[in-house]
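The numbering of the sequence shown is the working numbering, which starts it at 91 and goes up by one.
Here a beta-carbon is modelled for each residue, glycine too, at the ideal position from N, C-alpha and C.
Treat the numbers as computed from the prediction; the structure is a model and nothing was measured.
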Amino acid sequence: MRILRMLPGRLMTALAVVVGASILIFVAVRSLPGDFAQLLLGPLASEAAKDAVRETFRLDRSLPEQYWAWMTSALHGDFGISVASQAPVLDEFALRAPT
């Protein structure tokens, strides 16, 4: 019975840790130097192409909107597309998880 009384508190603590970690990861990734669109397309890319990449990856929105979109996508199992292989990240993970 003591475990049942502790369970809600433990679940709330776990939820707080997951939310806190997700915020730290989001902020760390957004704090990296450089422009993602330029990194993806190269230094000779046009501004129109860079703007299209920013719109595709929702980088043209405010930080709270970006975080919300990132979290809702992750909760639905959509971790995006790998920049290296152009395949869904979940598929890449599934290929490598058994190893």
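- The DSSP assignment places complete alpha helix (DSSP H) segments of no fewer than 4 residues inside the segment 161-188 at 179-186, in order along the chain.
- Each of P123, V143, F147 and P154 was checked against the Cα of D168, and the nearest Cα belongs to F147.
- Going by C-alpha positions, L122 is about 10 Å away from F116.
- Per DSSP, M91 lies in no alpha helix (DSSP H) segment and is marked neither H nor E.
- Note on geometry: alpha-carbon atoms of S136 and E145 lie some 14 Å from one another.
- In this structure, the straight-line span from the alpha carbon of K140 to that of G124 is close to 13 Å.
- Taking a contact to require three or more Cβ pairs closer than 8 Å, the segment 167-182 and the segment 103-120 do not qualify as touching.
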